[in-house]
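Oh and the sequence shown: position 162 is 162 in this note's numbering, straight run, nothing missing. Each residue gets a CB set at the ideal place from its N, CA and C atoms; glycine is no exception. First up is the structure itself, then whatever we jot down about it.
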Amino acid sequence: MMDAELISRIFCALAIALAGSLLFVAAGTAWMLLGDKLRRRNPFAEYIVHEAGHRVRRNLKDLDRRYFLYLSALLVHVLLLLVVFLLQREALPFDYPAWVWLAASVTVGVASLFIPFQIVKLKRSRSKLAYRRTANIAVGHALQRIASRGYNIYHDVQVGNQVIDNVVIGAKGAYAINVFVLGNGHKKSGTARLSDSNLVFGNAKTSAPVGVSVNRTSALSKELSKVIGHPIRVRSVIALPGWNVVAADTEKHLLVNEKTVVMLTGWTDPDTYLMDDDVAQIHDFLAARCVNGAKTPG
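Shown next, in the form of C-alpha cells:
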C-alpha cells in the first residue's frame with residue numbers, strides 16, 4: 001500500500017526543485033542578455049575584420065553558454081531535490097489520498113525532464129556546429145594560400161539577409177565560396193557531384209546548396225556591380241569539406257573541398273577579369289562590410 005506522507009514529500013521536493021531550476025534558467029538567461037547589452041565596445045573593432053568562420057564561432061559561443069547554463073540548472077535541480085526531501089520532516093497539510101500525490105508527482109517529474117531534454121538537444125546542436133566551425137576554418141585557411149598570389153580574401157560577407165562564407169577578389173575575377181556541411185555533421189569519406197541543379201552525395205540528393213549559392217552569388221554580383229558602375233560576374237563556388245568531389249562539367253558552379261579550393265583561381269574567363277581600380281573599389285566596399293563590429297545575420 002502506498003504511503004501518502006512519503007509521496008507527498010517526494011512531490012514537494014520535485015516541485016521545489018523544478019521551480020528552482022527554471023528560475024535559475026530564467027535568471028541566467030536574463031543575466032546573459034544584460035551582459036551583452038552592457039558589454040564594452042572594442043575600441044579597435046573598426047580595424048578588425050572577420051576571420052574564417054566568424055559567424056559560426058559566434059553562434060557556437062552562444063550555444064555553449066546556453067548549454068552550460070542548462071547543465072548548471074540540472075545540478076541545481078538535483079541538489080534542491082535532495083536537500084528538500086532530506087530536510088522535510090512533515091507531510092504537506094493537505095489530506096489527499098496517495099494516488100493524488102502519486103499523479104501529481106509523476107506530472108511534475110515528467111515536467112522536470114524539460115531540462116535534460118534541452119541538454120541533449122543543445123549537445124547535439126553543439127556537436128554539429130563545432131564540426132561546421134572546423135570545416136569553415138579549414139576552407140578559410142586554405143584560401144590564405146591564394147592570398148599570396150595577389151588575391152584579397154574576405155570572410156562572412158553580408159549580402160542582404162544572407163552571408164557568404166568567403167569571397168575572393170583578384171585581377172582574374174570574383175568568386176563567392178559557400179561552405180556546406182552535408183549529412184549529420186561528421187567527417188565523411190564519400191563522393192559528391194553536381195547533377196543539373198542537384199548535389200548528389202552518397203545515396204542522397206539535394207538541391208538546397210545549389211539554390212542557396214545561386215541566390216547569394218546573384219545578390220553579391222548586383223551589389224558589386226553598383227559599386228564599380230558596370231556589370232560584374234561573380235563565380236559560384238560550392239565547398240564541401242570532408243567529401244571527395246567530382247569535377248562538374250558546368251560553367252555555373254565549381255565544386256571543391258578543403259583541399260581543392262585553392263584551384264578555384266584556375267577557373268577563369270577573360271570576360272570576368274577586373275581592372276586594378278575595380279579591385280580597389282571592391283576591396284574598400286567589402287573590407288567595410290566585414291568589419292568585426294558590424295552585425296551579421298545568424
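If the criterion is Cβ atoms closer than 9 Å, does the pair residue i and residue j meet it?
i	j	result
V167	P241	no
L194	A248	yes
N198	G170	no
N136	G53	yes
D64	R124	no
V49	H155	yes
R133	R57	yes
V157	R289	yes
R55	V159	no
W243	F201	yes
N59	L129	yes
Pull up the DSSP beta-bridge partners for residue i, would you.
i	result
F201	A192 and A204
Q88	Answer is none; Q88 lacks a bridge partner.
N178	I238
V245	A192
H155	N166
G173	G170
L255	I238
V49	V291
Between which residues of its own chain and residue i is the CB-CB distance below 8 Å, once the five residues before and five after are set aside?
i	result
V262	A142, L143, R145 and I146
V245	T191, A192, R193, L255, V256, N257 and T260
V279	N152, I169, G170 and A171
Y70	V25, I115, Q118, I119 and L122
T268	K172 and G173
G150	G170 and A171
A30	none
Measuring straight from C-alpha to C-alpha, what distance separates residue i and residue j?
i	j	result
L330	A17	With the chain represented from 1 up to 298, any question about residue 330 goes unanswered, as that position is not in the structure.
P297	N161	Below a pLDDT of 50, predicted positions are generally treated as unreliable, and P297, at 48, falls in that range; the measurement from the model is reported next regardless. Answer to the nearest angstrom: the Cα atoms are 6 Å apart.
D165	I177	6 Å
H174	H253	Per the sequence presented here, residue 174 reads as Ala, with His not at that position. If you take the alpha carbons of A174 and H253, they lie about 13 Å apart.
D222	P209	The amino acid occupying residue 222 in the given sequence is Lys; Asp does not appear at that position. Whole-angstrom Cα-Cα distance: 20 Å.
Y131	H230	39 Å
V106	R216	50 Å
G109	P97	19 Å
V78	A104	19 Å
V237	V214	10 Å
L22	T206	40 Å
P270	G35	52 Å
A111	R39	35 Å
D196	G211	12 Å
S148	L220	24 Å
K37	V76	27 Å
V291	D277	22 Å
V32	R41	One detail in the question is off: residue 32 reads as Met in this sequence, not Val. Going from the Cα of M32 to the Cα of R41 covers about 16 Å.
Y273	D62	41 Å
Check for me: the alpha helix (DSSP H) holding residue i runs from which residue to which?
i	result
Y131	F114 to A147
V108	A98 to A111
H283	D276 to R289
Leaving out the 5 sequence neighbours to the left and right, which residues in its chain are closer than 7 Å to residue i when beta-carbon positions are compared?
i	result
L224	A174, I232, V234 and I282
P116	L74
A19	none
A287	V49
K295	Only weak support is given to the placement of K295: the predicted model assigns it a pLDDT of 49, under 50, and the question is left unresolved by the model.
Within a Cβ cutoff of 6 Å, which residues of the same chain sit near residue i, ignoring the five residues on either side of it in sequence?
i	result
A15	V108
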